[in-house]
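Participant: This is the structure, below, for whatever I ask next.
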Amino acid sequence: MNKNTPINYDTVKDKISKCKKSKVGNASIREIVRIVNEIETETGEKFIRMEMGVPGLTPPEIGTEAEIAALRRGVAAKYPMIDGVADLKDEAQRFVKLFLDLDISREHCLPSVGSMQGSYATFSVINRTDRNKEGTLFIDPGFPVQKQQVRMMGHDFMSFDVYNYRGEALHDKLESYLKTGKVSSIMYSNPNNPSWICFTERELQIIGELATKYDAVVIEDLAYFGMDFRKDFAQPGVAPYQPTVAHYTDNYILLISSSKVFSYAGQRVGIIAVSGKLFEREYPDLTRYFPNKQFGHSLVFGALYSLSSGVTHSSQYAVAAMLKAVNDGEFKFIDHVKEYGRRAKIVKRIFTENDFSIVYDKDENEKIADGFFFTFSYPGFSGVDLLEEMLYYGISSISLNITGSERTEGLRACVSQINGHQFEQLETRLKAFYKDHQ
Ligand SMILES: Cc1ncc(COP(=O)(O)O)c(C=O)c1O
């Protein structure tokens, strides 16, 4: 290999050899973060950081001010109600009506400590509703830590890469898993982390109808709500709405994170919006783990109570205030995050001009949107080897291997941390990579 690389060859080699993995390309997101931090410190060179999905924008003032005001009112002294403060519940109910066109009552809109806790809590209840079922079906690629959550609880899971099963082909593939009678919950994110594919209405209809047929509950992770920038989901109460499986089944739970849409990741607030029919439904098998057989009661007074006994009081007020501004049409949250789409368009162009390809490139026949993440490959490299090689060129990413993807040639890149002044540097480094590997 050429040792005259943009980042000092010996330092990179040394850090890779010390990472305690047979292949650094198989490292988790947080492990890559650590290695890159170490290389940056030792060489004084900045990487193009694309490994971690950190919001790269400042949080809206409305949220910060509302949070400070709540603290000044003294809310910190009181335990928050587990099912959420009234303002948040009211605004969450309005939000799902205005941006998803769904009627979900305020009682069924609950706060969680990020969507991370939302998924943990909902897995813990759904996967225990029926003693004859075993766990979760992940429609992959997906967010690796959610599988870790399921494992921690001792539930089983199945998964498949949706790459070859888009459109009508999804039906039979999905049904083949549901037919086993072992699936309690179906999990996916839409837009998808890591691939940024977005399910079409037809695909959501297939998922919803099969969930009803086989009595499985869909956990729809909307961490990137409204961020398919090909369509305009920004107008409250006006179509088009963020697509959702909830239009096709009553067996659903929606996870709405504030981390990316409001750049509020640090304050850890998400919303769990539960279908009314599911919330009220009784499952006798739940009493093996929870005090009550009602689904909603088990979620609130079983799972959420024992996990954190509610969500930080002040940050609930922050999200309530931001949602109110969005619902009132005063804060165009989607316009705010469109910056990610702008960055992705430029970055993807620079990659493809240097012989890289986009791995997940289509939603059925349509080119995927430009957004928070994209996936890429380079001829002749596996994803794991490509990740390692690119570290010498000062570019960090994660391997699709760890996301349940079968596209072993692929890597995931996140554009959130790339600033305007780095585009030129990215181009120089990718040109160097191309020159050394063509
Ligand atoms: C698909 C997906 N779900 C959930 C999360 C976590 O959301 P939160 O920060 O609200 O816990 C992320 C964050 O990266 C994500 O990509």
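Just so we're aligned, residue 273 is where the sequence shown starts under our numbering, counting upward by one. We put the beta carbon where it would ideally sit given N, CA and C, even for glycine.
With DSSP as the reference, label Leu-527 as helix, strand or coil.
Facilitator: Reduced to three states, the DSSP call for Leu-527 is strand.
Participant: I'd like to know if Glu-611 contacts chain C, where contact means its C-beta is closer than 9 Å to some C-beta of that chain.
Facilitator: Absent here is chain C; the protein component of the structure consists of one chain.
Participant: Opposite Asp-635 in the DSSP bridges: which residues?
Facilitator: Looking at the DSSP assignment, Asp-635 forms a beta bridge with Glu-638.
Participant: Measuring only the C-alpha atoms, how far is Phe-410 from Asn-691?
Facilitator: Taking the straight line joining both Cα atoms gives about 33 Å.
Participant: If I measure Cβ to Cβ from Ile-279 and keep anything under 8 Å in the same chain, skipping five residues before and after, which residues do I get?
Facilitator: Excluding residues within five positions, the ones whose Cβ falls inside 8 Å are Ile-311, Thr-315, Glu-317, Phe-319, Leu-663, Tyr-664, Tyr-665 and Gly-666.
Participant: Does the stretch 624-634 touch the stretch 669-684, meaning 3 or more C-beta pairs lie closer than 8 Å?
Facilitator: Enough Cβ pairs lie closer than 8 Å, so yes.
Participant: What does Gly-676 pair with, by DSSP beta-bridge criteria?
Facilitator: Paired residues: none, contrary to the question.
Participant: Taking the alpha-carbon positions, what's the Val-296 to Ile-674 distance?
Facilitator: C-alpha separation (whole angstroms): 12 Å.
Participant: Would a C-beta distance cut-off of 9 Å place Val-422 and Asn-399 closer than the cut-off?
Facilitator: Taking 9 Å as the Cβ cut-off, Val-422 and Asn-399 qualify as a contacting pair.
Participant: Taking Cβ positions, are Leu-579 and Val-397 nearer each other than 9 Å?
Facilitator: Cβ atoms of Leu-579 and Val-397: not closer than 9 Å.
Participant: Can you list the beta strand (DSSP E) stretches of 3 or more residues lying completely in the stretch 327-401, in chain order?
Facilitator: List check, beta strand (DSSP E) in window: 381-384.
Participant: As a quick exercise: from Asp-493, Tyr-449, Asp-657 and Ala-483, pick the residue whose alpha carbon is nearest that of Asn-462.
Facilitator: Minimum Cα distance to Asn-462 is reached at Asp-493.
Participant: What is the DSSP secondary structure of Arg-684, counted as helix, strand or coil?
Facilitator: Here Arg-684 sits in strand by DSSP.
Participant: Between the Cα of Lys-300 and the Cα atoms of Val-598, Ser-671, Gln-694 and Glu-661, which residue gives the shortest distance?
Facilitator: In the sequence as presented, Lys is not what sits at residue 300; that position holds Ser. Checked all of Val-598, Ser-671, Gln-694 and Glu-661; the closest Cα to Ser-300 is Ser-671.
Participant: What is the DSSP secondary structure of Arg-302, counted as helix, strand or coil?
Facilitator: Helix.
Participant: Using only alpha-carbon positions, find the residue among Gln-365, Glu-625, Leu-595 and Thr-401 that is nearest to Val-546.
Facilitator: It is Gln-365.
Participant: Contact between the stretch 319-332 and the stretch 342-359 is defined here as three or more beta-carbon pairs at a separation below 8 Å; is this criterion met?
Facilitator: Touching, no, given that fewer than three Cβ pairs across the two stretches are closer than 8 Å.
Participant: Do Tyr-650 and His-608 have their C-beta atoms closer together than 9 Å?
Facilitator: Their beta carbons are not under 9 Å apart, which means Tyr-650 does not touch His-608 by this criterion.
Participant: Asn-465: beta carbon under 8 Å from a heavy atom of ligand 1?
Facilitator: Yes, the Cβ of Asn-465 comes within 8 Å of a heavy atom of ligand 1.
Participant: Do Tyr-520 and Glu-552 come within 9 Å of each other at the CB atom, strictly closer than that value?
Facilitator: Result no, Cβ atoms of Glu-552 and Tyr-520 do not sit closer than 9 Å.
Participant: Mapping the DSSP letters down to three states, classify Ile-288 as helix, strand or coil.
Facilitator: Note: Ile-288 maps to helix in three-state DSSP.
Participant: Whose C-alpha, out of Arg-474, Tyr-496 and Ile-478, is nearest the C-alpha of Phe-645?
Facilitator: Residue Tyr-496 is the option with its Cα nearest to Phe-645.
Participant: Can you give me the start and stop residues for the beta strand (DSSP E) that Ser-657 sits inside?
Facilitator: First, the amino acid is wrong: residue 657 is Asp here, not Ser. Here Asp-657 belongs to no beta strand (DSSP E); instead the alpha helix (DSSP H) covers 655-663.
Participant: Check the C-beta distance from Ser-384 over to Val-656 and give it rounded, since I have them as a contact under 8 Å.
Facilitator: Incorrect: roughly 34 Å between the Cβ atoms, too far for contact.
Participant: If you measure from the CB of Tyr-524, is any heavy atom of ligand 1 nearer than 8 Å?
Facilitator: Checking every heavy atom of ligand 1 against the Cβ of Tyr-524, none is found closer than 8 Å.
Participant: Under three-state DSSP, which class holds Thr-521?
Facilitator: Three-state DSSP puts Thr-521 in coil, outside helix and strand.
Participant: If you measure between the beta carbons of Asp-428 and Lys-454, is that distance less than 9 Å?
Facilitator: It is a contact, given that the beta carbons lie within the stated cut-off.
Participant: Here's the rule I'm using: 16 or more other beta-carbon atoms within 10 Å means buried, otherwise exposed. How should Asp-627 be labelled?
Facilitator: Looking at its Cβ environment, which holds fewer than 16 other Cβ atoms inside 10 Å, Asp-627 is exposed.
Participant: Does the Cβ of Tyr-496 lie closer than 8 Å to at least one heavy atom of ligand 1?
Facilitator: For ligand 1, at least one heavy atom lies less than 8 Å from the Cβ of Tyr-496.
Participant: Taking all protein chains shown into account, decide if Lys-485 is buried (16 or more other Cβ within 10 angstroms of its Cβ) or exposed.
Facilitator: Exposed, by the Cβ-count rule.
Participant: Could you please give me the residues that DSSP links to Val-489 through a beta bridge?
Facilitator: Val-489 pairs with Ser-457.
Participant: For a test of your reading of the model: does the CB of Ser-387 fall under 8 Å from any non-hydrogen atom of ligand 2? Yes or no.
Facilitator: Ligands displayed in this structure: ligand 1; ligand 2 is not among them.
Participant: I want to check one thing, is the minimum distance from the CB of Arg-540 to the heavy atoms of ligand 1 below 8 Å?
Facilitator: Yes; taking the cut-off as 8 Å, the Cβ of Arg-540 has a heavy atom of ligand 1 nearer than that.
Participant: How far does the beta strand (DSSP E) with Gly-542 in it reach, from first residue to last?
Facilitator: Here the beta strand (DSSP E) through Gly-542 covers 542-546.
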